[in-house]
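S.K.: Quick one: the structure is below, and I'll ask about it shortly.
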Amino acid sequence: MRTLTGVGSTPLSGVGTARWYRPEAGLTLPDRPDPSAVDAVAELARFADARDAAREAIRDARDRAAERVGEEEAAVFEAHEQFLDDPELVDDIKAAIEDGTPAEHAVHDRFAAAIDQFEALDGQMAERADDLRDVRDRLLRALLNIGTDAEADDGAALADLGDLPAGTVLLAERLTPSDTAELDPDAVAGIATVAGGRTAHAAIIARSLSIPAVVGVGEPLREVEEGADLLVDGTDGRVVVDPDAESRAAAATDAAPPVTERVATADGRPIEVAANVGSEAEIAPAAERGADGIGLFRTEFLFYDREAPPSEEEQYEAVTAALSAFPEDRVVVRTLDIGGDKQVSYLDLPDESNPFLGRRGIRLSLDEHRDLFETQLRALLRAAASEGGEGLAVMFPLVSRLEEVDAAAEAVESVAAELAAEGVDHAVPELGAMVETPAAAFLADRLADRLDFLSVGTNDLTQYVMAADRENDGVAAYHDPLHPAVLRAIDRTASAAAGTDAWVGMCGEMAGDPALTELLVGLGLDELSMSAVTVPAVKNRVREIDSAAARDLAEEALACETRAKVRELLDG
Amino acid sequence: MERTVSVVPEAGLHARPASKLVQTANRFDADVSIGRADDGDEGLVRADSMLSVSGLNVGHGESVRVVAEGAEAAGALDAVCDLLTSAVEEDGGDPT
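Protein sequence lines correspond, in order, to chains A and B. Here the first sequence is numbered in the UniProt record's numbering, starting from 1 and rising by one per residue. Here the second sequence is numbered in the UniProt record's numbering, starting from 1 and rising by one per residue.
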């Protein structure tokens with residue numbers, strides 16, 4: 001038994017047989033013949049056949065990704081097909097073949113130039129270079145006749161990631177999003193990569209597919225042999241070679257079976273562990289993993305990919321569907337949170353030089369898109385009177401002024417009066433605010449007086465407290481909620497709510513990291529809401545926590561002067 | 001015929017917007033080319049090529065020039081410019 005360490009990416013465990021994915025292995029080109037010896041007509045036909053084969057493979061991959069992961073993630077394959085048909089590439093390759101270059105060399109040369117061109121450009125383009133490699137390798141595999149199962153068996157190259165034998169632990173230098181989207185979660189027991197980080201796109205897709213994953217294991221992973229027995233422990237970030245019976249058993253239980261009952265700390269303080277939901281398809285899995293309700297129901301998905309806003313009825317149906325999946329639990333619906341990086345074409349939002357500091361969230365709802373807000377509130381107030389509707393809570397995004405909360409509450413009252421006048425069944429749900437601006441954290445005491453709850457959105461809160469664009473890699477180091485300034489903002493919010501009737505939760509990425517659960521409990525949060533896949537791990541963690549010790553830990557963390565000190569404290 | 005517009009999609013001419021632009025350019029019986037407004041004729045590339053369009057590496061807010069020729073030039077120009085000037089619906093994917 002040998003243990004390698006990396007970064008846990010999907011907090012699940014799996015045991016299986018190591019299979020290396022080496023997309024470039026076997027793609028060695030034969031020697032270049034003399035141009036006069038090349039039959040250009042035959043080579044052009046080979047190139048055409050290879051394009052057909054590659055196209056078919058890309059479309060299959062697209063369909064699989066759309067089915068398994070989602071349309072959004074499947075879109076990358078449309079770009080692949082466009083590269084396959086790119087006139088600049090295709091025409092140059094054909095010209096090279098006509099000049100006496102064999103098809104595989106012509107493909108190799110032209111793609112190499114394109115990849116170099118992309119890699120010479122900055123950040124976003126490197127990803128595109130990976131896409132070009134994908135397409136190139138598909139063409140080369142077709143031209144070199146490799147990638148059959150026979151080759152896969154001796155580890156040369158796995159042709160079809162979507163068709164791996166059950167119990168595979170997939171090992172790779174790194175995985176692209178397209179590689180990952182092809183994986184069948186029922187066949188792949190785990191993923192371990194040499195390179196890559198937890199927030200890379202491929203890692204996020206693996207999480208949404210619930211495939212155990214450890215990334216960034218580094219050099220030692222390369223020494224793992226094809227066919228080895230492996231345990232991938234995405235909770236603790238470990239890869240175990242030849243695991244003994246004990247660790248297998250631990251992994252089996254640690255493969256996080258759903259924890260359906262509500263949980264409390266070891267000394268009895270109840271903590272609600274809920275799920276973030278961003279589409280109708282995520283509701284059932286959230287219930288299956290044992291979430292205590294929905295802590296963040298993002299309504300934006302109802303507004304995307306269409307020509308006009310959804311009707312009141314459509315929104316009512318969507319919210320009651322969520323309520324009926326969680327009849328005993330709370331469902332926190334966030335009112336429309338567009339603007340910033342979230343755009344909706346038919347709403348004609350202004351073009352702003354600083355959209356994250358511009359018209360977004362509640363600012364739009366109270367002003368230029370008040371009509372949408374009122375329609376949404378009508379749907380929500382009616383849903384609150386439906387079966388299971390007493391669990392409904394409504395949350396306003398991007399609050400920075402008390403006037404906004406007052407105006408939103410008045411809008412709720414006037415919609416209630418309107419429904420009453422029409423004789424329509426309705427009820428006023430719990431109302432709350434997201435705390436994601438420094439302003440809201442400073443005003444948390446007053447917000448808590450006015451509202452039923454507060455929910456800390458750590459992704460935006462971190463961005464705004466640290467004045468660091470979360471899309472900008474140049475300031476990625478600022479983007480950590482463990483910076484003392486962010487911890488103080490969270491503490492301020494939780495402490496302000498502590499003396500009131502309002503409960504306080506958290507619905508950012510931070511809430512789903514079991515390594516931070518004790519700190520968050522110690523800071524006084526009552527509810528944690530996260531990706532459904534992490535619910536069991538966080539629930540199990542809550543049960544081990546002693547709330548007095550957690551409070552001490554939180555106090556020590558708040559006393560730390562640097563992020564490094566906070567991390568050191570949490571690791572120790 | 002031609003038009004100059006500034007690029008609205010947040011991602012610039014990368015990813016989805018680039019992909020949609022190439023699809024759109026291919027739909028018309030017209031030769032469409034695109035380039036940075038400041039780069040003149042030298043900077044124009046084929047709009048039906050994913051490689052060329054994404055290789056421009058044009059970001060949000062930059063000014064681009066679109067030139068269309070051929071039977072359906074007007075339609076192509078409208079469609080391409082519409083795309084460049086409307087924000088693409090993209091799920092931020094992030095909760096907060």
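For each residue, glycine too, the CB sits at the ideal point set by N, CA and C.
Taking DSSP's pairing of strands, which residues face residue 506 (chain A) in a bridge?
M.R.: Reading the first sequence from its first residue, position 506 is the one you call residue 506 (chain A). DSSP, once it has assigned bridges, lists A:456, A:528 as partnering residue 506 (chain A).
S.K.: Please state if the CB of residue 190 (chain A) and the CB of residue 211 (chain A) are separated by a distance shorter than 8 Å.
M.R.: As a first step, residue 211 (chain A) must be located in the first sequence, where it is residue number 211. As a first step, residue 190 (chain A) must be located in the first sequence, where it is residue number 190. Cβ atoms of residue 211 (chain A) and residue 190 (chain A): closer than 8 Å.
S.K.: Kindly list, in the order they appear in chain B, the residues whose Cβ is closer than 8 Å to that of residue 87 (chain A).
M.R.: As a first step, residue 87 (chain A) is located in the first sequence; it is residue number 87 there, counting from the start. Within 8 Å of the CB of residue 87 (chain A), the CB atoms of chain B belong to 46, 48, 49, in sequence order along the chain.
S.K.: What does DSSP give as the partner residue(s) for residue 193 (chain A) in the beta ladder?
M.R.: Within the first sequence, numbered from 1, the residue matching residue 193 (chain A) stands at position 193. Residue 193 (chain A) pairs with A:172.
S.K.: Listing by chain order, which chain B residues have their CB less than 9 Å from the CB of residue 114 (chain A)?
M.R.: What you label residue 114 (chain A) is simply residue 114 of the first sequence in a count that begins at 1. Within 9 Å of the CB of residue 114 (chain A), the CB atoms of chain B belong to 51, 55, in sequence order along the chain.
S.K.: Measure the Cβ-Cβ separation of residue 140 (chain A) and residue 105 (chain A) and say whether it is below 8 Å.
M.R.: The residue labelled residue 140 (chain A) in the question sits at position 140 within the first sequence. The residue labelled residue 105 (chain A) in the question sits at position 105 within the first sequence. In this structure, residue 105 (chain A) does not lie closer than 8 Å to residue 140 (chain A) by Cβ.
S.K.: Run through DSSP, which three-state label would residue 366 (chain A) get?
M.R.: As a position in the first sequence, residue 366 (chain A) is number 366, starting the count at 1. The answer is coil: DSSP assigns residue 366 (chain A) none of H, G, I, E or B.
S.K.: To be precise: take each residue of the region 533 to 550 of chain A, compare its Cβ to all Cβ atoms of chain B, and keep it if any distance is under 8 Å. Which residues remain?
M.R.: Within the region 533 to 550 of chain A, no residue has a Cβ that lies closer than 8 Å to any Cβ of chain B.
S.K.: Can you tell me which of the three DSSP states residue 69 (chain B) falls into?
M.R.: Counting from one through the second sequence, the residue named residue 69 (chain B) turns up at place 69. Residue state, collapsed to three classes: strand.
S.K.: For the beta strand (DSSP E) that residue 445 (chain A) lies in, which residues bound it at each end?
M.R.: Against the first sequence, residue 445 (chain A) aligns to sequence position 445. Here residue 445 (chain A) belongs to no beta strand (DSSP E); instead the alpha helix (DSSP H) covers 444 to 450.
S.K.: Using the Cα positions of residue 51 (chain A) and residue 102 (chain A), report the straight-line distance between them to the nearest angstrom.
M.R.: For the purposes of this step, residue 51 (chain A) is taken as residue 51 along the first sequence, with counting starting at 1. For the purposes of this step, residue 102 (chain A) is taken as residue 102 along the first sequence, with counting starting at 1. Using only the alpha carbons, I get a separation of about 15 Å.
S.K.: Quick one: is residue 114 (chain A) buried, meaning 16 or more other Cβ sit within 10 Å of its Cβ, or exposed?
M.R.: Along the first sequence, read from residue 1 onward, the residue named residue 114 (chain A) stands at position 114. When all chains shown are included, residue 114 (chain A) counts as buried.
S.K.: Tell me, which residues are paired with residue 294 (chain A) by DSSP?
M.R.: In the first sequence, residue 294 (chain A) corresponds to position 294, counting from 1. In the DSSP output, where bridge partners are listed per residue, residue 294 (chain A) has A:275, A:331.
S.K.: If you measure from the beta carbon of residue 42 (chain B) to each beta carbon in chain A, is any gap under 8 Å?
M.R.: As a first step, residue 42 (chain B) must be located in the second sequence, where it is residue number 42. Not an interface residue.
S.K.: Under a three-way DSSP split, which group does residue 16 (chain A) fall into?
M.R.: Position 16 of the first sequence, counting from 1, holds the residue named residue 16 (chain A). Of the three classes helix, strand and coil, the one that applies to residue 16 (chain A) here is strand, per DSSP.
S.K.: Short of 9 Å Cβ to Cβ, which residues in the region 89 to 105 of chain A face chain B?
M.R.: Only those residues of the region 89 to 105 of chain A whose C-beta falls short of 9 Å from the nearest C-beta of chain B are listed: 89.
S.K.: Pull up the DSSP beta-bridge partners for residue 32 (chain B), would you.
M.R.: Numbered from its first residue, the second sequence carries residue 32 (chain B) at position 32. DSSP output for residue 32 (chain B) lists B:68 as bridge partner(s).
S.K.: Apart from the five residues just before and just after residue 459 (chain A), which ones in its own chain have a Cβ nearer than 7 Å to its Cβ?
M.R.: Here residue 459 (chain A) refers to the residue found at position 459 when the first sequence is read from its first residue. Shown here for residue 459 (chain A): same chain residues with a beta carbon closer than 7 Å to its own, the five before and five after excluded, namely 470, 508, 509 in chain order.
S.K.: Output needed for residue 30 (chain B): all residues of its chain with C-beta closer than 6 Å, excluding positions within five of it in sequence on either side, in chain order.
M.R.: The sequence position of residue 30 (chain B) within the second sequence is 30, counting from 1. Once the five neighbours on either side are set aside, the close Cβ partners of residue 30 (chain B) are 68, 70, 72, 73, 76.
S.K.: Residues of chain B with CB closer than 7 Å to the CB of residue 573 (chain A), please, in chain order.
M.R.: For chain A, the structure presents residues 1 to 572; residue 573 (chain A) sits outside this window and is missing.
S.K.: Using 8 Å as the threshold, is the C-beta distance between residue 658 (chain A) and residue 214 (chain A) below it?
M.R.: There is simply no residue 658 (chain A) to check, as chain A begins at 1 and stops at 572 in what is shown.
S.K.: Comparing C-alpha positions only, which one of A:556, A:546, A:569 sits nearest to residue 268 (chain A)?
M.R.: Walking along the first sequence from the start, residue 268 (chain A) turns up at place 268. Residue 268 (chain A) has its Cα closest to that of A:546, out of A:556, A:546, A:569.
S.K.: Taking only three categories from DSSP, how would you classify residue 434 (chain A)?
M.R.: Counting from 1 along the first sequence, the entry for residue 434 (chain A) is found at position 434. Of the three classes helix, strand and coil, the one that applies to residue 434 (chain A) here is strand, per DSSP.
S.K.: Go ahead and pull the three-state DSSP assignment for residue 167 (chain A).
M.R.: Locating residue 167 (chain A) in the first sequence gives position 167, where the first residue counts as 1. In the structure shown, residue 167 (chain A) sits in coil (DSSP, three-state: anything other than H, G, I, E or B).
S.K.: Closer than 7 Å between beta carbons: that is the criterion. Which residues of the region 64 to 86 of chain A meet it against chain B?
M.R.: Per Cβ criterion, the list reads 72, 75, 78, 79, 82, 83, 86.
S.K.: Going by DSSP, which residues form a beta bridge with residue 188 (chain A)?
M.R.: As a working mapping, residue 188 (chain A) is identified with position 188 in the first sequence. DSSP, once it has assigned bridges, lists A:168 as partnering residue 188 (chain A).
S.K.: If we count Cβ pairs, one from each stretch, closer than 8 Å, do we get three or more for the region 298 to 317 of chain A versus the region 538 to 557 of chain A?
M.R.: At 8 Å Cβ cutoff, the stretches do not touch.
S.K.: Distance, Cα to Cα, residue 24 (chain B) vs residue 344 (chain A)?
M.R.: Walking along the second sequence from the start, residue 24 (chain B) turns up at place 24. Walking along the first sequence from the start, residue 344 (chain A) turns up at place 344. Looking at the two C-alpha atoms, the distance is approximately 20 Å.
S.K.: So, for residue 84 (chain B): in the same chain, excluding its five sequence neighbours on each side, which residues have a beta-carbon less than 6 Å away from its beta-carbon?
M.R.: Residue mapping note: residue 84 (chain B) aligns to position 84 of the second sequence, counting from 1. Excluding sequence neighbours, residue 84 (chain B) sits near 5, 7.
S.K.: At the 8 Å Cβ level, is residue 315 (chain A) part of the contact set with chain B, yes or no?
M.R.: As a first step, residue 315 (chain A) is located in the first sequence; it is residue number 315 there, counting from the start. Cβ-Cβ to chain B under 8 Å: no for residue 315 (chain A).
S.K.: I need the straight-line Cα distance from residue 138 (chain A) to residue 54 (chain A), nearest angstrom please.
M.R.: In the first sequence, counting from the first residue as 1, residue 138 (chain A) sits at position 138. In the first sequence, counting from the first residue as 1, residue 54 (chain A) sits at position 54. Whole-angstrom Cα-Cα distance: 6 Å.
S.K.: Please report whether the beta-carbon of residue 121 (chain A) lies at a distance below 8 Å from any beta-carbon of chain B.
M.R.: Taking the first sequence and counting its residues from 1, one reaches residue 121 (chain A) at position 121. Judged by the 8 Å Cβ criterion, residue 121 (chain A) is in contact with chain B.
S.K.: Should residue 10 (chain B) be labelled buried (16 or more other beta-carbon atoms within 10 Å of its own) or exposed?
M.R.: Position 10 of the second sequence holds residue 10 (chain B). Answer is buried; the Cβ neighbour count reaches 16.
S.K.: Where residue 64 (chain B) and residue 36 (chain B) are concerned, what is the direct C-alpha to C-alpha distance, given to the nearest angstrom?
M.R.: Indexing the second sequence from 1 puts residue 64 (chain B) at position 64. Indexing the second sequence from 1 puts residue 36 (chain B) at position 36. Answer to the nearest angstrom: the Cα atoms are 4 Å apart.
S.K.: In this structure, how does DSSP classify residue 345 (chain A) when only helix, strand and coil are distinguished?
M.R.: Your numbering for residue 345 (chain A) matches position 345 in the first sequence. Looking at residue 345 (chain A) - three-state DSSP - the assignment turns out to be helix.
S.K.: Determine, for residue 351 (chain A), whether the minimum Cβ-Cβ distance to residues of chain B falls below 8 Å.
M.R.: Start at 1 with the first residue of the first sequence, and residue 351 (chain A) comes out as number 351. At least one CB atom of chain B sits nearer than 8 Å to the CB of residue 351 (chain A).
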